[in-house]
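Since the structure comes first, as structure tokens, the remarks are kept for the end.
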Ligand code: ADP
Ligand code: ZN
């Protein structure tokens with residue numbers, strides 16, 4: 029018997045009989061299995077000696093799809109662990125690790141290459157005579173006569189269709205041969221002269237990493253923006269390539285950082301394989317194959333690349349490890365950052381978590397001695413840290429989002445021939461369409477949120493559910509002309525265009541970069557100096573490196589100051605420090621101006637000094653005092669339903685059951701989610717908190733068993749979120 033992970037929400041997978049031919053496929057191989065009336069591609073998890081159900085109830089797995097496992101033993105163990113840790117069905121966990129084409133049953137090995145050559149009969153054909161009847165056929169024979177054989181893709185490129193090839197094969201003039209593509213000729217790609225000489229700080233970091241014994245070791249690389257972290261990564265990777273081992277580099281979002289990929293390409297060329305969600309299915313499979321066959325020495329990828337099939341693992345690096353995009357927000361809610369550490373441990377290799385603003389969890393782990401903390405405290409070049417000031421919005425006029433002192437600073441920096449970035453965490457024209465007569469703002473019908481004005485398209489849009497309607501300035505109930513309150517990136521750019529008609533103004537947000545290639549254009553215009561002021565959302569915070577940007581303005585810091593989530597301060601500081609890091613690279617000093625109505629807020633003390641380490645220390649002390657992670661562990665049980673009562677009935681019963689377990693676990697709630705109604709569904713949650721992980725997970729297992737057949741559970745969509753990134 030075999031236990032098989034099927035791509036369905038079935039917690040432990042399903043058990044099947046194997047009747048051959050041959051022995052049962054080894055764990056990690058794919059099999060075709062019947063479920064109900066349908067047939068699915070599943071993955072064998074383990075062989076079983078005894079069946080959990082009566083033998084005559086078991087069905088047969090029909091076909092083995094692989095001779096070799098598509099999921100190696102180490103990865104399979106990791107996935108099984110994930111299913112239990114995240115309390116998620118094994119089939120969906122396994123699916124996360126396989127490219128779509130493999131989930132659909134495509135062969136796992138690269139397709140063989142077909143080449144064609146003439147048969148003796150083909151060589152005897154009089155091509156001149158043939159050309160009078162069939163010009164293309166003659167051309168094909170002549171082409172093949174010129175060489176021993178030709179690869180089919182080359183022939184197709186030359187305009188010969190497969191049908192023509194097959195036709196001449198039937199005539200006995202051609203024959204084909206299949207070859208498995210030869211492994212790429214490995215060249216020593218790393219040329220030290222293409223890399224800068226290391227700074228003393230970088231050397232210290234590399235030496236500290238090299239000094240530890242082989243095997244698992246976790247490092248937190250805390251390096252300010254522009255301190256040369258990426259260069260350190262590249263040296264580590266080069267070291268691994270020289271030793272013929274693979275490196276896995278995880279990044280938050282590849283599309284946002286074209287500069288990084290091109291730097292890696294320049295340094296590592298054909299050794300690089302890229303894995304991210306914008307690839308086509310076959311590109312994804314190709315990257316997966318190159319990883320599995322060790323053809324790629326460096327795999328760069330987003331979240332799901334943490335499941336890459338490393339053939340010769342050497343090191344795992346997580347760039348911007350604090351980034352929230354490493355946590356999957358729905359379905360299988362794993363944290364790629366945490367799994368990177370788990371995998372490294374499992375593979376006995378080092379892992380490096382790099383960031384200018386490490387997560388409090390990682391800093392805490394370093395303080396506890398579980399990770400080793402390394403520092404790159406200085407920027408490369410003479411720029412030094414930017415000077416930071418707060419503009420008190422209580423004392424200065426603001427027009428369309430920009431205060432008078434901010435305008436003064438923009439003038440100054442433009443006059444010196446430098447560039448400016450303005451950060452505003454809100455896209456669209458304005459967040460509120462308000463009728464002063466009725467005192468009412470236009471709301472989304474399906475969410476607890478207001479409609480954002482998008483003036484360019486003349487539409488109102490809900491940023492939570494995507495609902496759209498036409499923008500009408502006249503109020504529907506009183507006819508009064510309504511007003512746009514607040515400012516988004518569109519409004520700020522329009523204001524700037526009016527103020528600076530001769531200055532290039534760019535915009536970097538999801539609306540401005542939705543078309544393929546538009547993001548690259550926005551960044552290229554800034555690099556070329558066509559754009560002098562770039563207005564953008566947190567997309568600005570990513571690792572772009574523009575030496576002429578000397579002023580960074582944060583137009584609204586207040587949204588994050590009083591957030592309800594225990595992480596909102598951490599997120600705010602991380603974003604502001606990251607955005608500030610764009611100011612003053614190379615040899616020009618930078619300036620950062622932050623607009624706020626609350627300049628006395630204690631967070632600004634740390635921000636003014638750009639002292640993230642001190643912020644982390646204070647924030648961790650606060651977390652300790654209030655028992656939040658990393659000083660406790662959290663699991664959120666979420667539920668949503670069209671009827672508010674249904675979500676609450678389910679969670680209330682669940683909370684009662686959780687409390688009845690009588691363990692050391694604190695049960696909070698149920699309570700409404702931070703935006704209660706979204707896309708027409710009411711959302712609520714219950715929070716389980718415990719100082720130790722063990723009892724917490726045991727409780728969830730027990731609750732899952734208990735709730736399985738509750739009628740209340742059938743009326744809601746529910747999910748268990750382990751180590752939630754947001755409450
Ligand atoms: P980070 O990843 O910490 O933001 P980078 O590695 O991107 O920093 O380095 C910032 C800039 O400094 C880049 O332009 C990079 O090419 C350059 N750089 C990095 N290391 C060195 C070095 N040792 N000498 C000179 N320039 C360097
Ligand atoms: Zn909505």
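Residue numbers (our numbering): 29 to 755.
Beta carbons: idealized from backbone N, C-alpha and C, even for Gly.
Keep in mind the model is a prediction, meaning the values are calculated, not measured.
Asked                                                                                                                                 : Found
Sub-8 Å separation of residue 291 and residue 334 beta-carbons                                                                        : no
Residues whose Cβ lies closer than 5 Å to any heavy atom of the ligand ZN, in chain order                                             : 472, 474, 475, 490, 492, 493 and 495
Where residue 567 falls, given that 16 or more other Cβ within 10 Å makes a residue buried                                            : buried
Residue nearest to residue 348 in terms of C-alpha spacing, selected from 261, 148, 730 and 301                                       : 261
Euclidean distance between Cα positions of residue 375 and residue 102                                                                : 7 Å
With 16 other Cβ atoms within 10 Å as the buried cut-off, status of residue 240                                                       : exposed
The ligand ADP heavy atom lying under 7 Å from the CB of residue 259                                                                  : yes
The stretch 677-697 touching the stretch 614-631, judged by at least three CB pairs closer than 8 Å                                   : no
Residue 676 (DSSP reduced to helix, strand or coil)                                                                                   : helix
Any non-hydrogen atom of the ligand ADP within 7 Å of residue 294 CB                                                                  : no
Residue 529 to residue 345 span [Cα, whole Å]                                                                                         : 45 Å
Short Cβ contact (8 Å threshold) for residue 279 with residue 328                                                                     : yes
Burial state of residue 123 (16 or more Cβ within 10 Å)                                                                               : buried
Residue 290 CB to nearest heavy atom of the ligand ADP below 7 Å                                                                      : no
Cβ contact check for the stretch 264-278 and the stretch 312-330: 3 or more pairs under 8 Å                                           : yes
Of the residues 505, 504, 519 and 465, the one placed nearest residue 485, counting alpha carbons only                                : 519
Within 8 Å, strictly: CB atoms of residue 693 and residue 717                                                                         : yes
Residue 161 to residue 147 span [Cα, whole Å]                                                                                         : 21 Å
Same chain, Cβ closer than 8 Å to residue 389, five either side skipped, listed in chain order                                        : 657 and 658
Alpha carbon of residue 95 to alpha carbon of residue 53, nearest angstrom                                                            : 7 Å
C-alpha gap between residue 186 and residue 350, whole angstroms                                                                      : 50 Å
Host beta strand (DSSP E) of residue 463 (start-end)                                                                                  : 460-463
Reference residue 92, options 83, 67 and 116, closest by Cα                                                                           : 67
Residue 69 versus 417, 134, 641 and 554, residue with shortest Cα-Cα distance                                                         : 134
Cross-strand partners of residue 62 (DSSP beta bridge)                                                                                : 67
Beta-carbon proximity check, residue 478 vs residue 465, cutoff 8 Å                                                                   : no
The stretch 384-402 / the stretch 237-253 touching (three or more Cβ pairs under 8 Å)                                                 : yes
Distance between beta carbons of residue 377 and residue 248, contact taken as under 8 Å                                              : Contact doesn't hold; Cβ gap of about 16 Å is too wide.
Near the ligand ADP: residue 606 beta-carbon under 7 Å from a heavy atom                                                              : no
Contacts around residue 62, its chain only, beta-carbon distance under 6 Å, and the 5 residues preceding and following it disregarded : 87
Ranges of the beta strand (DSSP E) found wholly within the stretch 371-426, counting only runs of at least 3                          : 378-383, 400-404 and 415-420
Proximity test, residue 253 beta-carbon vs the ligand ADP heavy atom, cut-off 7 Å                                                     : yes
Proximity of residue 414 and residue 618 at Cβ, strictly below 8 Å                                                                    : yes
Sequence ranges, alpha helix (DSSP H) only - wholly within the stretch 662-738, length at least 4                                     : 672-688 and 721-735
Buried/exposed call for residue 115, threshold 16 Cβ in 10 Å                                                                          : buried
Proximity winner among 145, 273 and 534, relative to residue 564 (alpha-carbon distances)                                             : 534
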